[in-house]
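Working notes, structure below.
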Amino acid sequence: MKPIIDLTAVSVERTGERVVRHVDLRVIEGSWFGLIGANGSGKTSLLRALAGRLPFAGGSCRIAGVEMIADRPARAMHFGFSPPADTLPDALRGREVLELVGGNIETIWLRLGPLRGALGLDALLDRWIGDCSAGMRQRIAIGLAFAQGHTRVILDEPFNWLDPVAAFDLRQALRAMVDNGLTLMTALHDLGTLAVACDAGIMLASGNVAMALDSRLLVTAAQDPQAFERQTIERLRAASAP
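Under this note's numbering, the first residue of the sequence shown is numbered 223, with each subsequent residue one higher.
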């Protein structure tokens with residue numbers, strides 16, 4: 223099956239330092255692709271570059287068959303992207319932030335589908351962002367990634383700061399949307415979510431691909447998550463060792 227996102231030997235630099243090195247990955251349309259790795263492994267930098275928030279320092283980035291390695295605005299137009307929750311403006315209400323990005327709230331609800339309930343966004347519409355907890359901000363930030371109706375969405379560690387019920391409901395809603403055609407890329411810390419929710423992925427260590435995670439491996443991982451966790455942690459330790 224032809225990939226909708228095809229990265230070949232891409233690199234990313236931050237403040238003059240190369241933080242992603244010659245990464246290859248391919249994402250099939252209508253699938254959930256997970257990136258996992260330790261803090262500082264390059265997950266966020268890679269996703270921000272793909273979403274047009276950072277430049278690539280080299281390689282090839284093809285989206286829907288079109289080369290976009292040098293075109294940050296074009297990449298940004300192709301993806302819904304969740305901003306860091308702590309950057310949301312304190313002086314606006316939840317409704318105002320959502321409508322600023324996606325227009326009329328009723329249209330936004332149609333675009334969010336099951337995420338509206340999973341994220342509990344109705345209760346946050348009239349709340350000032352400055353009065354929101356970290357978990358509330360995270361729920362609004364995730365909603366913003368879907369507010370414009372993109373069919374390809376990038377989320378950076380979306381389960382951070384969510385309580386167990388909210389994290390479960392979010393995972394179920396995202397999986398349902400992927401099964402209905404959404405193409406989703408997420409950075410993750412949780413090996414359990416990677417094993418049971420994602421269709422494919424990669425493990426990053428020090429900016430390099432330490433392990434490719436295809437669908438067959440993840441099916442096996444879902445059957446024995448403890449063994450998968452042990453093997454993955456061992457691989458991460460070895461790849462991150464100086």
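Glycine is no exception: its CB is placed at the ideal position from the N, C-alpha and C atoms.
None of these values were measured; they are calculated from a predicted model.
Three-state secondary structure assigned by DSSP to GLY252:
coil
Using 8 Å for Cβ pairs, my map puts ILE351 next to PRO311. What's the rounded Cβ distance?
6 Å
Check this for me: beta carbons of ARG374 and ILE227, under 9 Å apart or not?
Remark: C-beta atoms of ARG374 and ILE227 approach each other more closely than 9 Å.
For ARG459, does the count of other Cβ atoms within 10 angstroms reach 16, so buried, or fall short, so exposed?
exposed
What is the rounded straight-line gap between the Cα of HIS300 and the Cα of ASP246?
Cα-Cα distance, rounded: 19 Å.
Determine the direct distance from the alpha carbon of MET290 to that of ILE376, and round the result to whole angstroms.
Just so you know, the alpha carbons of ILE376 and MET290 end up roughly 17 Å apart.
To the nearest angstrom, report how far apart ALA340 and ASP391 are at their CA atoms.
5 Å
For the region 401-418 and the region 228-238, state whether three or more C-beta atom pairs, one from each stretch, are separated by less than 8 Å.
no
I'd like to confirm the pairing. Which residues does DSSP put opposite ARG374 in its beta bridges?
THR405
Among residues of its own chain, excluding the 5 on either side of VAL400, which ones have a beta-carbon nearer than 6 Å to its beta-carbon?
Here VAL400 has TRP254, LEU406 as same chain residues with Cβ atoms under 6 Å from its own Cβ, once five neighbours each way along the sequence are excluded.
Whose CA, out of LEU416, SER304, GLY423, SER355, lies closest to the CA of GLN448?
LEU416
Quick one: grab the DSSP three-state call for ILE455.
Reduced to three states, the DSSP call for ILE455 is helix.
Count the CB pairs spanning the region 319-335 and the region 261-278 that are closer than 8 Å, and state whether there are at least three.
no
Would you tell me roughly how many angstroms separate the C-alpha atoms of ILE364 and GLY256, rounded to the nearest one?
16 Å
Would a C-beta distance cut-off of 9 Å place GLY274 and ARG297 closer than the cut-off?
ARG297 sits close to GLY274, with the two beta carbons spaced by under 9 Å.
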